[in-house]
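Going by our numbering, the first residue of the sequence shown is number 0, and it counts up by one from there.
We put the CB at the ideal spot given by N, CA and C, even for glycine.
Keep in mind that this is a model prediction, so the values were computed, not measured.
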Amino acid sequence: MSPTSKSKPSDTTLRGDTTSQHARTTLVLYHRDGASVVHMDKGRPVVVGRSAPSDVVISDQGLSRQHARFLWEDRDIWVEDLGSTNGTKRNGEPVTRAKVSPGDEVTVGPVVVSVHVVSAVDEELRGFDGLDRFVAALAEEITRARTFRRSLGLLLVRARDTHVSRWAGRLRSVLRPVDRVGIYGPNAVLVALPEATADAVQALMLRIAGGDPALECGAVTFPHHGGSADELIAALHVAQRTDRAPARAPSETGSVIVKNPAMKQVMTTVKRLAGSTIAVLIHGETGTGKEVIARAIHDSGPRKKQPLRSINCAAIPGMLIESVLFGHEQGAFTSADKSARGIFEQAGGGTVLLDEIGELAPTAQAALLRVLETKKVTRVGGDKEIAVDVRVIAATHRDLEAMVQTGCFREDLLYRLNTITVRIPPLRERVEEIRPLAERFLKDANAQAGTDVRSIDPAALAALEAYAWPGNVRELRNAIERAVVLAEGKSIALVDLTERIRGGSHAAPEVEPSGELPADYRDHLRRYETELILRALHKHGGNQTEAAKALHLPLRTLVHKIQTYGIKKKFDR
0 MSPTSKSKPS DTTLRGDTTS QHARTTLVLY HRDGASVVHM DKGRPVVVGR SAPSDVVISD
60 QGLSRQHARF LWEDRDIWVE DLGSTNGTKR NGEPVTRAKV SPGDEVTVGP VVVSVHVVSA
120 VDEELRGFDG LDRFVAALAE EITRARTFRR SLGLLLVRAR DTHVSRWAGR LRSVLRPVDR
180 VGIYGPNAVL VALPEATADA VQALMLRIAG GDPALECGAV TFPHHGGSAD ELIAALHVAQ
240 RTDRAPARAP SETGSVIVKN PAMKQVMTTV KRLAGSTIAV LIHGETGTGK EVIARAIHDS
300 GPRKKQPLRS INCAAIPGML IESVLFGHEQ GAFTSADKSA RGIFEQAGGG TVLLDEIGEL
360 APTAQAALLR VLETKKVTRV GGDKEIAVDV RVIAATHRDL EAMVQTGCFR EDLLYRLNTI
420 TVRIPPLRER VEEIRPLAER FLKDANAQAG TDVRSIDPAA LAALEAYAWP GNVRELRNAI
480 ERAVVLAEGK SIALVDLTER IRGGSHAAPE VEPSGELPAD YRDHLRRYET ELILRALHKH
540 GGNQTEAAKA LHLPLRTLVH KIQTYGIKKK FDR
C-alpha cells in the first residue's frame with residue numbers, strides 16, 4: 000500500500016517564523032518505499048500508522064496501527080506517542096509527548112519525520128519517489144534518451160549510518176529541477192540525471208562528496224553501462240564490487256544454478272556446444288541470464304583463455320554501433336581523434352556476445368553479415384580488411400522470425416546466427432531456483448557491503464517465490480542487494496522487500512497488533528495457495544491448463560506448486 004494522507008494544505012505558518020505569509024508547515028516522512036509530504040492545518044491532528052483510520056498510512060510492520068499523533072497548537076507542533084509497540088523518539092530520546100521544532104528529527108518506529116516550513120512559491124522539499132515509481136520514471140527517461148540519442152546519468156548516493164533525511168536538502172540543492180530522486184534505503188538514494196554527459200556526472204559527484212555527513216557517490220551512464228533501468232542499477236552494484244573487491248566477479252557471471260528441468264536441458268546443450276565454433280542464438284526475456292549462458296559456452300570450450308567481449312546493441316546509438324563493433328580510423332567522424340579497435344578485433348581468438356541483436360540498425364545488420372561470411376572487418380573510415388578469428392554468440396528477447404516477416408531483420412543474417420538456438424525459461428517458470436539464487440545473491444551482497452545478513456525469513460522467501468519476476472534473475476539480484484541495505488537484523492524480512500514484490504504474493508493472514516508476523520506465516524500462505532489451486536482444479540474438472548489460466552499463473556508454475564504441495568493426490572481423493 001502506498002502512503003496516503005487526508006491532510007490538506009494550509010496557508011498559515013508557525014508564529015514567529017520569518018518566511019512569507021503564505022508558507023506551509025509540512026511534515027516530511029522518510030520510509031522504506033520513499034518519502035511523503037504531509038501539509039498541516041492548525042488544530043487538526045495528523046495520525047501516522049500502519050492502517051486506517053490513521054491519516055497517514057505507511058505499510059511497514061515496524062509501525063503500530065495508530066502509532067503517533069502530530070498536532071499544531073497555537074505556535075507549537077507537538078508529537079504524541081499512541082501507545083505504540085516500537086515507540087516514538089525526538090532527536091534519539093524516547094518521548095510520550097514532546098514539542099517539535101524545525102530541524103528536530105522524530106522517529107515514529109522505523110519512519111523518520113521532520114518538520115519544515117516550506118514556501119508555496121519555491122517549494123524546496125519535492126517528495127522523493129519510492130523505488131518502484133523511480134524505476135518506472137527511469138525507464139521512461141531511458142526511452143527518451145535512446146529516441147533522441149542523448150545521454151543519461153544515474154547516481155547512487157549514500158551516507159553510512161546517517162538517515163537520508165539528514166542530508167536530503169543538501170543533495171537537492173545541487174541538483175537540477177529535471178533530476179529525479181528515489182529512496183533506495185534508509186541511508187541511500189538513486190538520482191536520475193537526464194541529458195547529463197559523463198563529464199557533467201563526474202563534476203556533480205565532486206560537488207556531492209565530502210561535507211558533513213560524508214556522502215559516498217557512485218555513477219553509471221546510459222548507454223555506456225546499460226540499456227535499461229535494471230541494467231544501470233545492476234551496473235552501479237558491479238562498480239561497487241569492483242571498487243571493494245577487484246578480484247571478485249559478480250554472481251550474474253558466475254556458475255549457473257540448475258534445479259529446473261528446462262534449465263538442465265539448457266546446460267546439456269551448452270556442454271554440447273562448447274567444443275564447436277558454430278554461431279549460437281540465445282533467446283530469453285530480459286534479465287534471464289543470457290550473458291551467463293554465453294559465458295558458460297565460452298568458458299567450457301577451447302577459447303576460454305581468450306577474451307569474451309560483449310555489447311548490448313540496444314544501448315548504443317545507431318550512428319555509433321558500427322564503430323563500436325568494427326572500430327574506426329582517425330578522422331572518421333568529428334570525435335574520432337585517433338584510431339580504435341572494435342569489439343571484433345578486441346576479442347581476437349575468443350568470443351563476441353551481441354546482446355539484444357534484434358535492436359541492430361539495418362546498416363549494421365548488413366555489415367555484420369559480411370563479417371560472418373568473410374571473417375574480416377573494415378573499420379569505419381578505412382578501406383583495409385582486417386582478418387578476425389572470433390566465435391559469435393547472439394542474444395535477444397525478441398521474436399526475430401516475426402521481425403523478418405515485417406522486414407525489420409535480415410533473413411540471411413538470422414540464418415547465419417541461429418544455427419543452434421538456446422531458449423532460457425523466465426524465472427517465474429523456475430520457481431525451484433529462486434531460493435538458491437537469492438541465497439547466493441545474499442552472500443555476494445554481504446561481501447560487497449560488509450554486512451552480516453545471514454538468511455531470508457520464511458515470509459520473505461514465500462513472497463519471493465510467489466512474485467512473477469518480470470525482470471527475472473537481474474531483478475531478483477537487485478531486490479536482494481537492496482534488502483540487505485534495508486535489513487535491520489540478521490535476516491531479510493518481508494518488509495525489506497519492495498512494495499511491488501510484497502504485493503506480488505497472494506493474500507496473507509492478518510498481522511498481529513504487536514506488529515510481528517505469525518511464526519507459521521508460511522504455513523498459512525501454503526494453505527491459502529493450496530485452497531485457491533484446489534478450487535480452480537475442481538471448477539475446471541482437473542484441467543491444469545484451464546486452472547492455470549484462471550489463476551493467471553504460467554502452467555509450469557502451477558505444475559510445480561501442485562507437485563510441491565501434493566495437491567494432485569488431494570484432488571484425486
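Inset, instruction - Select from 157, 365, 484 and 460 the residue whose C-alpha is nearest the C-alpha of residue 438. - result: 460
Inset, instruction - Could you spell out the range, first to last residue, of the alpha helix (DSSP H) harbouring residue 393? - result: No alpha helix (DSSP H) holds residue 393; the beta strand (DSSP E) holding it covers 390-395.
Legend entry - Start and end residues, alpha helix (DSSP H) containing residue 193: Not the alpha helix (DSSP H): residue 193 falls in the beta strand (DSSP E), residues 187-193.
Inset, instruction - Can you grab the Cα-Cα spacing for the pair residue 322 / residue 171, in whole Å? - result: 38 Å
Inset, instruction - Please determine, among 148, 394, 545 and 113, the residue with the shortest C-alpha to C-alpha distance to residue 294. - result: 394
Legend entry - Complete beta strand (DSSP E) runs within the region 25-62 (minimum length 3 residues, chain order): 33-38 and 45-48
Legend entry - N-terminal and C-terminal residue of the alpha helix (DSSP H) that residue 183 is part of: Element bounds for residue 183: not the alpha helix (DSSP H) but the beta strand (DSSP E), 179-184.
Legend entry - Boundaries (first-last residue) of the beta strand (DSSP E) holding residue 309: 307-311
Legend entry - For residue 153 and residue 195, the rounded distance between their alpha carbons: 9 Å
Inset, instruction - Give a yes or no on whether 8 Å exceeds the smallest Cβ distance from residue 71 to chain C. - result: The chain labelled as chain C is not found in the depicted structure, where only one protein chain is given.
Legend entry - Neighbourhood of residue 46 by C-beta distance below 6 Å, restricted to the same chain and skipping five residues each side: 53, 54, 65 and 68
Inset, instruction - Flag this pair as yes or no: are the beta carbons of residue 59 and residue 494 separated by less than 8 Å? - result: yes
Legend entry - Coil, strand or helix - residue 449 by DSSP: coil
Legend entry - Cβ neighbour criterion (16 or more within 10 Å) applied to residue 332: exposed
Legend entry - Cβ-based burial, residue 245 [other Cβ within 10 Å; buried from 16]: With a pLDDT of 37 at residue 245, under the threshold of 50, the modelled position of this residue cannot be trusted, and the question is left open.
Inset, instruction - For residue 360, collect the residues of the same chain with a Cβ closer than 8 Å to its Cβ; drop the 5 residues on either side in sequence, then sort them by chain order. - result: 317 and 320
Legend entry - Neighbourhood of residue 352 by C-beta, 6 Å cutoff - its chain only, sequence neighbours within 5 removed: 293, 309 and 392
Inset, instruction - Given a cut-off of 8 Å, decide if residue 219 and residue 208 are closer than it, judged by their beta-carbon atoms. - result: no
Inset, instruction - Please classify residue 408: does DSSP put it in a helix, a strand, or coil? - result: coil
Legend entry - Collapsed DSSP secondary structure at residue 537 in the structure displayed: helix
Inset, instruction - Pull up the CB-CB distance for residue 366 and residue 374, whole angstroms please, since I reckon it's below 8 Å. - result: Not confirmed; about 13 Å, so no contact.
Legend entry - Outcome for residue 56 when other beta-carbon atoms lying within 10 angstroms are tallied against a minimum of 16: buried
Legend entry - Beta-carbon proximity check, residue 349 vs residue 325, cutoff 8 Å: no
Inset, instruction - Check residue 429 in the structure and name its three-state DSSP category. - result: coil
Legend entry - For residue 127, three-class secondary structure by DSSP: coil
Legend entry - Test item: CB-CB of residue 441 and residue 483 under 8 Å: yes
Inset, instruction - Specify the secondary structure class of residue 491 as computed by DSSP and reduced to three states. - result: strand
Legend entry - At least three beta-carbon pairs within less than 8 Å, the region 96-111 to the region 74-82: yes
Inset, instruction - Please report how far the alpha carbon of residue 251 lies from the alpha carbon of residue 49, in whole angstroms. - result: Low confidence applies here, because residue 251 scores a pLDDT of 39, under 50, leaving its location unreliable; read the following figure in that light. Looking at the two C-alpha atoms, the distance is approximately 37 Å.
Legend entry - C-alpha distance - residue 653 paired with residue 158, whole-angstrom precision: The displayed coordinates of the chain run from 0 to 572. Any statement about residue 653 would go beyond what the structure contains.
Inset, instruction - Please list, in chain order, all residues of the same chain as residue 257 whose beta carbon is under 6 Å from its beta carbon, the five residues on each side excluded. - result: 263 and 266
Inset, instruction - Tell me whether residue 265 sits in a helix, a strand or coil according to DSSP, three-state version. - result: helix
Legend entry - Bounding residues of the beta strand (DSSP E) (the contiguous stretch that carries residue 282): 279-282
Legend entry - As assigned by DSSP and simplified to three states, the class of residue 511: Residue placement at residue 511 cannot be trusted, given a pLDDT of 36 that sits under 50; what the coordinates show is reported in the next sentence. Coil at residue 511, not helix or strand.
Inset, instruction - Would you kindly check if the distance between the Cβ of residue 227 and the Cβ of residue 315 is under 8 Å? - result: no
Inset, instruction - Consult DSSP for residue 564 and reduce its assignment to one of helix, strand or coil. - result: helix
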